[in-house]
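Positions in the sequence shown are counted from 1; adding 34 to them yields the numbering used here.
Backbone N, C-alpha and C fix where the C-beta goes; we use that ideal spot for every residue, glycine too.
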Amino acid sequence: MNGAFYIGALGLDAQQRALDVVANNIANINTTGFKRQTVQFSNLVNPLAASGDGTPPQGDQSAAVTGVAIAATPHVWTEGSLTVTGQQYDLAISGAGFIEMLGPSGRTLLWRGGTLKVNEDGALAAADGTVLRADISMPQNTTALSISADGIVTAQINGSTQYKQIGQIPLAMVKDPDSLVDDGAGYFEASDQSQVSQVRAGDEGAGSLVQGALESGNVQLTDEMVTLMLLQRAYAADAQVVQAGDQLMTIANELRR
C-alpha cells in the first residue's frame, strides 16, 4: 500500500486538530480571563525503519519519518488587558496567581476572576454559582462590597458608613502552569505534577486583586488569522499528498503486462 495515504492522512488529522485549536481561540476572544492555546507538532518515526536499538538508520534520516502529529496544545499564560467596568462585583487579578474555587465533589478549581454574585445561601460565588474556596458569606442587607488589592473583603451593611471585614481572598500560585488541566468555563485544576501554594495577594510574586475590572482574553485576532491561513495551506498540501498517492495507485492499476 502506498505510504503517501498514511502520511497524508496523519497530516490532515493533525492540521484539522490544529485548526480546531485556533477556531476555539477566536471563538473565545471576548471570554473573560481566557488563555489561548498553541499547537506543538512532532514527527512520527516508523519503528520498522529504525535499527535494533531504536535509533534511526544511518544515511537517509528522512526514511524513518512517517508523518506528523500534535504533541501538545499548551496554554499561553500571558496576562490579558484589564477593562475597568466600575461594577463592584467584577474582580480581576493584575499579575500572577489564581482564585481558588470550590468545585463539584469538593475539588479545588483555579479561576482568573470574572463577575461575582451572591448565591441563594448568601455565599460569594462566580456567576455560574461556583463558590469561592475562601467561604465568604455576605451579611443580610449588604448595600456595598469592597475588595482590597490584598484580598480583604469588607461589606457595608444597612447603609452604614462603616465597613465590616467578612473575609479574605488569597491567591494560589502554581509553579508550573502548563501542568494545569483545563476544566472549561474558565476553570483549571491542578494535576499530580502541579505545585500549588496559597499566598496573600501581593506577596511572594503573586498579583493583586482589582475590583471593578475584568481581565480580557489574551487572544490577538491578527495572530490567530495568520496561523489559520498557514494551517489551511498545510492542510491543502497534505490533501495533495493523498491525491498524488491516489494517482500513483491509478497508474499502477492501469499498467498492462
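Express the C-alpha separation of residue j and residue i in angstroms, rounding to a whole number.
| i | j | result |
| --- | --- | --- |
| G120 | L44 | 50 Å |
| A106 | Q50 | 14 Å |
| A84 | N59 | With a pLDDT of only 49 at A84, under the threshold of 50, the placement of this residue in the model should not be trusted; the figure read from the coordinates follows. When rounded, the distance between both Cα atoms is 38 Å. |
| E258 | D212 | 21 Å |
| Q229 | L214 | 10 Å |
| A160 | T100 | 47 Å |
| L136 | T112 | 25 Å |
| I133 | N252 | 18 Å |
| V187 | G114 | 24 Å |
| S231 | G148 | 21 Å |
| L292 | G42 | It is not possible to answer for residue 292, since the shown part of the chain is limited to 35 through 291. |
| G67 | M283 | 51 Å |
| A126 | Q277 | 51 Å |
| N192 | N175 | 6 Å |
Beta strand (DSSP E) containing residue i: first to last residue?
| i | result |
| --- | --- |
| F39 | No beta strand (DSSP E) contains F39, which is instead part of the alpha helix (DSSP H) from 37-61. |
| T177 | 176-181 |
| V233 | 230-233 |
| W145 | 142-145 |
| T164 | It is not in any beta strand (DSSP E) - T164 carries neither H nor E in the DSSP assignment. |
| T117 | 116-118 |
| L289 | Neither: L289 is in no beta strand (DSSP E) and is coded neither H nor E. |
| A130 | Run containing A130: none; DSSP gives neither H nor E here. |
| T188 | 186-191 |
Use the C-beta contact count for residue i: other C-beta atoms within 10 angstroms, 16 or more gives buried, fewer gives exposed.
| i | result |
| --- | --- |
| I335 | Because the chain spans 35 through 291 in this model, residue 335 falls outside it and cannot be assessed. |
| K69 | buried |
| V208 | buried |
| P204 | buried |
| L166 | buried |
| G241 | buried |
| Q245 | buried |
| G279 | buried |
| V110 | exposed |
| T117 | exposed |
Can you tell me where the alpha helix (DSSP H) holding residue i begins and where it ends?
| i | result |
| --- | --- |
| Q245 | No alpha helix (DSSP H) holds Q245; the beta strand (DSSP E) holding it covers 242-245. |
Helix, strand or coil: how does DSSP classify residue i here?
| i | result |
| --- | --- |
| N64 | coil |
| G279 | helix |
| Q74 | strand |
| Y269 | helix |
| Q202 | strand |
| S171 | strand |
| T195 | coil |
Compute the minimum distance between the beta carbon of residue i and the heavy atoms of the ligand COA, and state whether it is under 7 Å.
| i | result |
| --- | --- |
| L136 | What this structure holds is no ligand at all, so the ligand COA is not there to describe. |
Pull the bridge partners of residue i from the DSSP assignment, please.
| i | result |
| --- | --- |
| E223 | V215 |
| L262 | Paired residues: none, contrary to the question. |
| V110 | Paired residues: none, contrary to the question. |
| A103 | S76 |
| E249 | L116 |
| T149 | D124 |
| L136 | T142, V165 |
Would you verify that the beta carbon of residue i is, or is not, closer than 8 Å to some beta carbon of chain C?
| i | result |
| --- | --- |
| A159 | The structure shown has no chain C; it contains just one protein chain. |
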